[in-house]
Amino acid sequence: MKEILDVRGLTKKFKLNKKQQASKSISTPYFKAVDDVSFKSYEGEVFGLLGPNGAGKTTTMRMIATLINASEGDAIVNGHSIVKKPLEVRRNIGFLTNELKLDEFFTPNFHFDFFADLRGIPKDVAASRKKALFDKFGLGPYADVKIGKLSQGNKQKASLAISIVHDPAIVIFDEPTNGLDVVTAKVVMDFLVDLKERGKSVILSTHIFGLLENLCDRVGIIINGKMVACDTVPNLAGEKSLEQMFFDIYRETTKEAV
Amino acid sequence: MRNVTLAVMKKEIVRIFNDRKLLFAAVILPGILIFAVMSATGMMNEMLLGVDEDHIYEVHAVNMPESIGTMLAQDGMRINIVPANMADTERIREDIADQNTDLLVVFPADFDAVVADFDPLTATVLAPNVEVWSNSARNSSAEARNLVMGVITMYHHSLTHRFSINLPSDAAPDGNFDLASAADIMAMLLGMLLPMMFILFIFTGCQSLVPESVAGEKERGTLGTLLVTTASRQQMALGKILGLSFFALLGALGSFVGLMFSMENMVPGMDDVMGSASIMDIFSVADLVIIFLIAISLSLFFVALLSVLSTYSKSVKEANAITTPLTLFIMVGAMGGGLVSGFDSAIFHMIPIFNSSLAITALINSEATMINNLITIGSNLLFAGILTAIVAAMFSSEKIVFD
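So the sequence lines, in the order shown, correspond to chains X and S.
Position in the first sequence (first residue = 1) + 9 = the numbering used here.
Position in the second sequence (first residue = 1) + 50 = the numbering used here.
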């Protein structure tokens, strides 16, 4: 399988003022949200990132998507460095969170065309991609309905279609099913499977163990900013369930009772 | 590059057109409000300071001499003279204090004769005294006092008449010696109001649009969705600022129309003074083009300025809280040009807001120079450009966008 993503020692430090230092009981003037995280992902693979809130999953994903800068380390996305070629990286990445982040005053049609324009996609290419994606998601009848008037499921379908307007090699999903009803969550899961089958590399962050077990080829566990384990689900969990394995690792790493 | 700017600009324009509440609040409402507020102010002024046209002033007079009584009884004075005795004066004063009647005038007995006999050069006593009692808190009382004092003063002057002032002549058959044209009067009134109103309207138009569009986008998370694309921050910032400026300008135009329609209502009696004067008597087409260009450059400047503050804010609420106090500074700058004189040096035309106030005042007074107008427009655009670059840099700041 072709390597699509190579994360090499990514580290993110956030500056702290004295008050923040005191409240977090940290002696350094910065806080390491992500600490030397490395992993790879390949085409046609779903890679899951698992960890508690504040573990550093979203920060890691934002660094890969070039939304924020890495303090140390690098990530190579489809051959392009996030440090040296952020624009090239953005051309190769789709990024979506559970929150829709689409302006409710626009229609799916307008949004799709707008993002296609922003990404410099030729009009004919954008039109054929839009037709294919809208047909796939059954969005045709709602293409000219404002996002604010769509059902939650159709909103999510619209944002999924728009996130891959540029046909990226790698798609990053940060908690894509959080807060969604079961029907809409199923839409997202089917979409992830479809991406995988089309040879895309998918990076998925979620708290839902079932989703990771069913969808992910490999899982990386991040706790306190560090990648503490990374392997296939069977290799990681062995005889245990993924959930049991995670809490064992969490207890061991943090020395906290769960 | 141009496509991205145009795409973002189009998005902003479509977004506001689709948000009917925002469109109404930012573009249509300011003009309606200006008209309503200015007209209401005029009506209140009239109600507070004016007197009903049908009101007959009730003037109680003790020992009213025939000479003055005849003058007060003329048509158009609308005065009802009520003869009174000295014994009634205390009661009448109480009535005036209670705002039940208008005026009390007390003349010495045989006023005309006493005045005729009085010689200031040889007199050993004070000149005859006339008492005029009124209540300035009652409009009709104050107005009656003005009328009666006017007549008494005229009578007083007639006693020592040596020369006249401004009697009708061939050059001024109607006795009007004021050479100001209706357009001059309109220019004077506009000069006091227009620069300040013009600048404030543009600012308030921007203020109703920018926080919602910039801080709102940040608050809703849609800014992050934009930033993950390949479009440059500079292009996005420019597209946003151009799109929002378009609506700010529409809002300012609506406010301007509202102001023009409310002018007559704003100042009671203004239509009598101005006659048929219109705005085209003051401004040439070239002047209006300059004003339009100033409006465009100022809209861009305000949108860029508010975009910086809104990008810094975490929410629309915070953005509004930060930008509201700014109105005071804008107001000072906007008033400045109309109040000061001698600030025609180019350097003052480089100071945003103040420069626009100076330039419009100069246009109204026909003192504008092309170089100062160009410096004003250029300076506004330059500062707008600098602020746009700052917005772009802020869009690149992870602390500002994601904090």
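Glycine included, each C-beta is placed from N, C-alpha and C at the ideal position.
Is there a Cβ from chain X that is less than 8 Å from the Cβ of residue i?
{"i": "Phe306(S)", "result": "no"}
{"i": "Leu277(S)", "result": "yes"}
{"i": "Val358(S)", "result": "no"}
{"i": "Val353(S)", "result": "no"}
{"i": "Gly386(S)", "result": "no"}
{"i": "Asn430(S)", "result": "no"}
{"i": "Gly271(S)", "result": "yes"}
{"i": "Val268(S)", "result": "Sequence check: residue 268(S) is Lys here, not Val. Chain X contact via Cβ: absent."}
{"i": "Phe452(S)", "result": "yes"}
{"i": "Arg65(S)", "result": "yes"}
{"i": "Glu448(S)", "result": "yes"}
{"i": "Lys61(S)", "result": "yes"}
{"i": "Thr280(S)", "result": "yes"}
State the beta-bridge partners of residue i as determined by DSSP.
{"i": "Ala84(X)", "result": "Val16(X)"}
{"i": "Asn27(S)", "result": "For chain S, the structure presents residues 51 to 453; residue 27(S) sits outside this window and is missing."}
{"i": "His89(X)", "result": "Val86(X)"}
{"i": "Leu59(X)", "result": "Ile230(X)"}
{"i": "Lys3(X)", "result": "Limits of chain X in this structure are 10 at one end and 267 at the other, which puts residue 3(X) out of reach."}
Tell whether a beta-carbon distance below 8 Å holds between residue i and residue j.
{"i": "Gly65(X)", "j": "Val92(X)", "result": "no"}
{"i": "Val55(X)", "j": "Leu159(X)", "result": "no"}
{"i": "Val164(S)", "j": "Ile131(S)", "result": "no"}
{"i": "Leu259(S)", "j": "Ala76(S)", "result": "yes"}
{"i": "Gly241(S)", "j": "Ile414(S)", "result": "yes"}
{"i": "Ser214(S)", "j": "Asp152(S)", "result": "no"}
{"i": "Pro133(S)", "j": "Ala166(S)", "result": "no"}
{"i": "Val58(S)", "j": "Leu277(S)", "result": "no"}
{"i": "Phe124(X)", "j": "Val174(X)", "result": "yes"}
{"i": "Val237(X)", "j": "Glu222(X)", "result": "no"}
{"i": "Ser357(S)", "j": "Ile291(S)", "result": "yes"}
{"i": "Ile231(X)", "j": "Thr262(X)", "result": "no"}
{"i": "Gly82(X)", "j": "Leu19(X)", "result": "yes"}
{"i": "Thr272(S)", "j": "Asp199(X)", "result": "no"}
{"i": "Gly103(X)", "j": "Ser172(X)", "result": "yes"}
{"i": "Ser407(S)", "j": "Ala384(S)", "result": "yes"}
{"i": "Ile202(S)", "j": "Ile118(S)", "result": "yes"}
Could you pull the start and end residues of the beta strand (DSSP E) that residue i belongs to?
{"i": "Glu181(S)", "result": "Glu181 to Trp183"}
{"i": "Ala154(S)", "result": "The sequence given here places Leu at residue 154(S); Ala does not occur at that position. Leu154(S) -> beta strand (DSSP E) spans Leu153 to Val156."}
{"i": "Asp44(X)", "result": "Tyr39 to Tyr51"}
Indicate whether at least one CB of chain S lies closer than 8 Å to the CB of residue i.
{"i": "Phe182(X)", "result": "no"}
{"i": "Gly162(X)", "result": "no"}
{"i": "Leu111(X)", "result": "yes"}
{"i": "Leu96(X)", "result": "yes"}
{"i": "Lys66(X)", "result": "no"}
{"i": "Arg4(X)", "result": "What is shown of chain X runs 10 to 267, which leaves residue 4(X) out entirely."}
{"i": "Ile77(X)", "result": "yes"}
{"i": "Leu127(X)", "result": "yes"}
{"i": "Lys155(X)", "result": "yes"}
{"i": "Ala31(X)", "result": "no"}
{"i": "Ala326(X)", "result": "In the structure as shown, chain X starts at 10 and stops at 267, and residue 326(X) therefore has no counterpart that could be examined."}
{"i": "Phe115(X)", "result": "yes"}
{"i": "Phe200(X)", "result": "no"}
{"i": "Phe123(X)", "result": "yes"}
In terms of residue numbering, what span does the alpha helix (DSSP H) encompassing residue i cover?
{"i": "Phe104(X)", "result": "Run containing Phe104(X): none in the alpha helix (DSSP H); it sits in the beta strand (DSSP E), Ile102 to Thr106."}
{"i": "Pro178(S)", "result": "Note, Pro178(S): premise wrong, no alpha helix (DSSP H); not H, not E."}
{"i": "Met70(X)", "result": "Lys66 to Ile73"}
{"i": "Phe445(S)", "result": "Met420 to Ser446"}
{"i": "Ile202(S)", "result": "Asn189 to Leu209"}
{"i": "Glu103(S)", "result": "Premise fails: Glu103(S) is in no alpha helix (DSSP H) and is neither H nor E."}
{"i": "Gly162(X)", "result": "Gln161 to Ser172"}
{"i": "Asp122(X)", "result": "Pro117 to Leu127"}
{"i": "Phe351(S)", "result": "Val335 to Tyr362"}
{"i": "Ala409(S)", "result": "Phe404 to Ile414"}
{"i": "Phe143(X)", "result": "Lys132 to Phe146"}
{"i": "Asp228(S)", "result": "Here Asp228(S) belongs to no alpha helix (DSSP H), and DSSP marks it neither H nor E."}
{"i": "Leu16(S)", "result": "With chain S covering 51 to 453 only, the question about residue 16(S) has no answer from this structure."}
{"i": "Phe379(S)", "result": "Leu376 to Leu389"}
{"i": "Val154(X)", "result": "Here Val154(X) belongs to no alpha helix (DSSP H), and DSSP marks it neither H nor E."}
{"i": "Asn370(S)", "result": "Val366 to Thr373"}
{"i": "Gly119(S)", "result": "Glu116 to Leu122"}
{"i": "Gln30(X)", "result": "Lys27 to Lys33"}
Could you tell me which uninterrupted alpha helix (DSSP H) segments, each at least 4 residues in length, are contained entirely in the segment 180 to 267 of chain X, listed from first to last along the chain? 191 to 206, 218 to 224, 242 to 246 and 251 to 263
Runs of alpha helix (DSSP H) wholly within the segment 245 to 324 of chain S (minimum 4 residues, chain order): 266 to 270, 272 to 277, 283 to 316 and 320 to 324
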